[in-house]
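**Q** In UniProt numbering, the protein residues as written are 1 to 360.
No residue lacks a Cβ here, since even glycine has one placed at the ideal position from N, Cα and C.
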């Protein structure tokens, strides 16, 4: 046995199998290559990712970036035995975070860490690449880390960083929101990527349900309800902004009809809607305007989590909220339908102090 072979074996015995990592990465490279754009330079596997922003059509391009993770949804995935949507989860979550600012998502970098690489990595990365391709996002690089001793076998973490671009006058902050504006909500598919620590406690510990069980009173299985992919609203948002915001500056009301957008992630309604409200405005959310998904109804029923906290932790079936002019609210609901998003008017903006009131 050569010294080189001996070193490889020693490293594998320590918990890091380079040969296996190369084999698994090689099996997903064809998928990763498909997640590209003409502005992408170089290839996956280099020391850095390259993207030519000179080709953007913005007069005053501003880069917008965001980093996030799928949180403890990875733990739910391990319990359920389904990693197929985690890759899409992180791409779609990050894309939404910058699209609410008016930014077009351009490129993405992933970070996957685990105690020991296995076939779940292939499933996850294929899903990630497919989500990038579907949204015209270039996957310019990332990192796969095998960290025995930091993660136990079967444990993993998934983090993503996205970068997009917006013309400076088109940056959407919510500054133009005024009392009388209507709040339009876009339906979610489930928990998306937030609230899983509480959801696992309620469903698996308190209610003693198993992934293959059906939610009490419903047909949905627990595992399927938990692992639904995070919805990507960015395509709809960008078309809506282009169609309804014709003004020279997004921070002004003149010529515009969409004044703010809030991604309902960790913190629910009470934590995310205030992020776009001016100091003199508050929001009223009419929680009867839509019916929460079965998984949320199950967790709230029987006092497992009270009403107020549910809307502080979960999206309760609404993954995005737009503050719009009453004149275009109905049209925006229709446009969402063309993008296969169910939309409904969920409330209004009133004079206030930046808070959110939940009406039962």
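How about residue 169 and residue 135: are their beta carbons less than 8 angstroms apart?
**A** On the chain shown, position 169 is the one that residue 169 refers to. On the chain shown, position 135 is the one that residue 135 refers to. No, the pair does not count as a contact, with Cβ atoms beyond the cut-off.
**Q** Roughly how many whole angstroms lie between the Cα atoms of residue 184 and residue 152?
**A** Stepping through the chain shown from its first residue, residue 184 is reached at position 184. Stepping through the chain shown from its first residue, residue 152 is reached at position 152. When rounded, the distance between both Cα atoms is 43 angstroms.
**Q** CA-CA distance, residue 313 and residue 10?
**A** Counting from one through the chain shown, the residue named residue 313 turns up at place 313. Counting from one through the chain shown, the residue named residue 10 turns up at place 10. One C-alpha to the other measures close to 46 angstroms.
**Q** For residue 93, does the three-state DSSP call read helix, strand or coil?
**A** As a working note, residue 93 is residue 93 in the chain shown. Three-state DSSP puts residue 93 in a helix.
**Q** Quick one, are the C-beta atoms of residue 195 and residue 295 less than 8 angstroms apart?
**A** The residue you call residue 195 lines up with position 195 of the chain shown. The residue you call residue 295 lines up with position 295 of the chain shown. The answer is no: Cβ separation not under 8 angstroms.
**Q** For residue 107, collect the residues of the same chain with a Cβ closer than 6 angstroms to its Cβ; drop the 5 residues on either side in sequence, then sort them by chain order.
**A** Translated into positions along the chain shown, residue 107 becomes position 107. Excluding sequence neighbours, residue 107 sits near 51, 138, 140, 163.
**Q** Would you kindly work out how many angstroms separate the C-alpha atoms of residue 351 and residue 178, rounded to a whole number?
**A** Locating residue 351 in the chain shown gives position 351, where the first residue counts as 1. Locating residue 178 in the chain shown gives position 178, where the first residue counts as 1. If you take the alpha carbons of residue 351 and residue 178, they lie about 8 angstroms apart.
**Q** Just tell me which of 316, 267, 237 has its CA closest to the CA of residue 288.
**A** Position 288 of the chain shown, counting from 1, holds the residue named residue 288. Minimum Cα distance to residue 288 is reached at 316.
**Q** Which residue wins for smallest C-alpha separation from residue 229, given the options 116, 74, 29?
**A** Position 229 of the chain shown holds residue 229. Out of 116, 74, 29, 74 has the C-alpha closest to the C-alpha of residue 229.
**Q** Looking only at C-alpha atoms, which of 354, 311, 205 sits nearest to residue 79?
**A** Counting from one through the chain shown, the residue named residue 79 turns up at place 79. Comparing Cα-Cα distances from residue 79 to each of 354, 311, 205, the minimum goes to 205.
**Q** With a floor of 4 residues, list each alpha helix (DSSP H) that falls wholly inside the segment 249–322, ordered by position along the chain.
**A** 268–272, 294–300, 307–313
**Q** On the three-state DSSP scale, how would you describe residue 1?
**A** Here residue 1 refers to the residue found at position 1 of the chain shown. Per-residue confidence for residue 1 stands at a pLDDT of 48, beneath the threshold of 50, marking its modelled position as unreliable; no derived number is given.
**Q** If you pair each beta-carbon of the segment 197–211 with each one of the segment 93–104, do three or more pairs fall below 8 angstroms?
**A** no
**Q** State yes or no: is the C-beta of residue 259 within less than 8 angstroms of the C-beta of residue 181?
**A** Here residue 259 is taken as the residue at index 259 of the chain shown, counted from 1. Here residue 181 is taken as the residue at index 181 of the chain shown, counted from 1. Going by C-beta atoms, residue 259 is nearer than 8 angstroms to residue 181.
**Q** Please classify residue 91 as buried or exposed, where buried requires at least 16 neighbouring CB atoms within 10 angstroms.
**A** Your numbering for residue 91 matches position 91 in the chain shown. When all chains shown are included, residue 91 counts as buried.
**Q** Can you round the beta-carbon distance between residue 174 and residue 276 to whole angstroms, since I take them to be within the 8 angstroms contact cut?
**A** Here the question's residue 174 lines up with position 174 in the chain shown. Here the question's residue 276 lines up with position 276 in the chain shown. Contact holds; Cβ gap of about 3 angstroms.
**Q** Please report the distance separating the alpha-carbon of residue 47 from that of residue 19.
**A** Here residue 47 corresponds to residue number 47 of the chain shown, with the count starting at 1. Here residue 19 corresponds to residue number 19 of the chain shown, with the count starting at 1. Those two C-alpha atoms are separated by around 20 angstroms.
**Q** What are the boundary residues of the alpha helix (DSSP H) that includes residue 134?
**A** Within the chain shown, residue 134 is the residue found at index 134, counting from 1. Counting along the chain, the alpha helix (DSSP H) containing residue 134 begins and ends at 119–134.
**Q** Buried or exposed: which applies to residue 150, given that a residue is buried once 16 or more other Cβ atoms fall within 10 Å of its Cβ?
**A** Numbered from 1 along the chain shown, position 150 holds the residue referred to as residue 150. When all chains shown are included, residue 150 counts as exposed.
**Q** Let me know the secondary structure DSSP gives residue 162 once reduced to three states.
**A** Residue numbering aside, residue 162 sits at position 162 when the chain shown is read from its first letter. Correct three-state label for residue 162: strand.
**Q** Taking the alpha-carbon of residue 192 as reference, which of 86, 221, 30 has the nearest alpha-carbon?
**A** Working through the chain shown from its first residue, we reach residue 192 at position 192. Ranking 86, 221, 30 by Cα distance to residue 192 puts 86 first.
**Q** Just list the residues that DSSP pairs residue 244 with in beta bridges.
**A** Along the chain shown, read from residue 1 onward, the residue named residue 244 stands at position 244. In DSSP, residue 244 forms no bridge with anything.
**Q** Please name the residue, chosen from 210, 211, 217, 120, that lies closest to residue 27 on a Cα-to-Cα basis.
**A** Residue numbering aside, residue 27 sits at position 27 when the chain shown is read from its first letter. For residue 27, the nearest C-alpha among the options comes from 120.
**Q** In three-state DSSP terms, what is residue 106?
**A** Residue numbering aside, residue 106 sits at position 106 when the chain shown is read from its first letter. Shown here, residue 106 sits in a strand according to DSSP, grouped into three states.
**Q** Determine whether the beta carbon atoms of residue 88 and residue 157 lie at a separation below 8 angstroms.
**A** Your numbering for residue 88 matches position 88 in the chain shown. Your numbering for residue 157 matches position 157 in the chain shown. Not in contact: residue 88 and residue 157 (Cβ atoms no closer than 8 angstroms).
**Q** Counting C-beta neighbours from all protein chains within 10 Å, is the total for residue 60 16 or more, i.e. buried, or is it exposed?
**A** Taking the first residue of the chain shown as 1, we reach residue 60 at position 60. Label assigned to residue 60: exposed.
**Q** Could you give the distance in angstroms between the alpha-carbon of residue 77 and the alpha-carbon of residue 217?
**A** The sequence position of residue 77 within the chain shown is 77, counting from 1. The sequence position of residue 217 within the chain shown is 217, counting from 1. Taken atom to atom, the span from the alpha-carbon of residue 77 to that of residue 217 is near 24 angstroms.
**Q** With 16 other CB atoms within 10 Å as the buried threshold, where does residue 279 fall?
**A** Translated into the one-based positions of the chain shown, residue 279 becomes position 279. With fewer than 16 Cβ atoms within 10 Å of its Cβ, residue 279 is classed as exposed.
**Q** Start and end of the beta strand (DSSP E) containing residue 65?
**A** Translated into positions along the chain shown, residue 65 becomes position 65. Unbroken beta strand (DSSP E) run through residue 65: 61–69.
**Q** For the segment 160–201, which segments carrying the alpha helix (DSSP H) assignment without a break, of at least 4 residues, lie completely within its bounds, in sequence order?
**A** 196–200
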